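In terms of the working numbering, the sequence shown is residues 643 to 869.
Glycine included, each C-beta is placed from N, C-alpha and C at the ideal position.
Quantities reported herein were computed from a predicted structural model and do not represent experimental measurements.
Inspection log for the structure reproduced underneath, given as structure tokens.
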Amino acid sequence: MSFYSTYGTDLLSFVLCALLLTAYHLFLRRKVRKNPAYSVQAVNTIARTAWVENIMENGKDILAVQTLRNSTMAATFLASTSVLLIMGVLSLSGQGDKLEGTWHTLNAIGAKHSEMWLLKLLVMLLDLFIAFFSFSMSIRIYNHVGYMLNVPLNLNHKAISPAHVAVHLNRAGKFYSIGMRAYYFLVPLVFWLFGPHFMVLATVVLIPILYHLDRAPKILVDDYNAA
């Protein structure tokens with residue numbers, strides 16, 4: 643049997659899902675360029691920038707500490723969860739022979755070879771490592787921002803202006819969003835274990851859910867455009 647006839651369905655399904663998700667994010671980026679308040683992430687970027695300016699100008703140290711602590715705790719929890727999921731996937735890799743018959747019961751069109759099983763787990767591990775790295779980087783930058791926020795503005799330090807600190811804080815928020823995206827992408831990858839057709843179906847269902855989560859409330863968009 644040729645390579646294509648053996649693994650072609652799984653690989654084509656994976657490429658199709660990747661193209662669908664890529665097309666969605668290109669669509670979202672295009673909308674944000676036309677309207678900066680189109681997505682929740684873009685609104686959060688605006689809000690974080692205004693928050694930093696308010697904190698540094700008015701000296702609200704307690705509010706800054708509490709907010710950064712909450713953000714750090716959330717990222718820490720999700721990073722720890724990534725490690726647990728990585729351990730779970732690694733345990734599955736050592737039990738492929740025992741689980742192969744059960745997991746492939748509904749796999750009508752995909753490959754059932756052990757090589758494909760390991761490839762699926764490898765892709766899941768890569769996704770989870772991206773999530774772990776992103777949340778860890780988010781925690782790291784949140785810690786740096788905590789020191790920057792407490793630098794008095796009367797020092798006139800060019801590298802620690804509100805605009806500069808806001809860039810760092812938004813970078814932490816970006817890493818946090820990437821980590822959450824990795825979690826969302828894990829859903830089709832889990833369904834891939836049951837068959838490539840389930841992965842495609844999960845991706846088709848996931849995209850409208852992502853749009854619902856990413857889309858900023860219409861009232862925010864209207865208010866931003868009016869301003």
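Along the alpha helix (DSSP H) that carries residue i, what are the first and last residues, could you check?
i, result
"L727", "D703 to S735"
"N696", "V682 to N700"
"L831", "P804 to W834"
"V847", "P838 to D856"
Out of the options, point me to the one whose CA is closest to residue i's CA.
i, options, result
"G815", "A679, L768, I728 and V685", "V685"
"L791", "P838, M822, E699 and L852", "E699"
"L727", "W693, M766 and G701", "M766"
"L835", "F719, E757, K762 and G788", "K762"
"V707", "F774, G788 and I802", "G788"
I think residue i touches residue j, with their Cβ atoms under 8 Å apart; what is that distance to the nearest whole Å?
i, j, result
"L760", "S735", "6 Å"
"I772", "A721", "With 8 Å as the limit, I772 and A721 do not qualify as a contact, their Cβ atoms being about 12 Å apart."
"A858", "S713", "That belief does not hold up - the Cβ atoms of A858 and S713 are roughly 20 Å apart, past 8 Å."
"Y818", "A717", "6 Å"
"L770", "S724", "5 Å"
"P804", "E695", "4 Å"
"I851", "Y666", "Actually they do not touch by this definition, with Cβ atoms about 11 Å apart."
"P830", "D652", "With 8 Å as the limit, P830 and D652 do not qualify as a contact, their Cβ atoms being about 12 Å apart."
Hey, does residue i have any beta-carbon neighbour from chain C nearer than 9 Å?
i, result
"L770", "Protein chains in the displayed structure number just one, and chain C is not present."
Apart from the five residues just before and just after residue i, which ones in its own chain have a Cβ nearer than 6 Å to its Cβ?
i, result
"S776", "F817, I820 and G821"
"G650", "none"
"K800", "none"
"N796", "none"
Under 7 Å Cβ to Cβ from residue i, same chain only, skipping five residues before and after it: list those, please.
i, result
"L658", "V842"
Legend entry - Given 8 Å, three or more beta-carbon pairs between the stretch 803 to 814 and the stretch 774 to 794: As far as the Cβ criterion goes, the stretch 803 to 814 touches the stretch 774 to 794, which means the pair count is three or higher.
Inset, instruction - Would you be able to state if there are at least three C-beta pairs under 8 Å between the stretch 655 to 665 and the stretch 843 to 855? - result: Touching, per the Cβ criterion.
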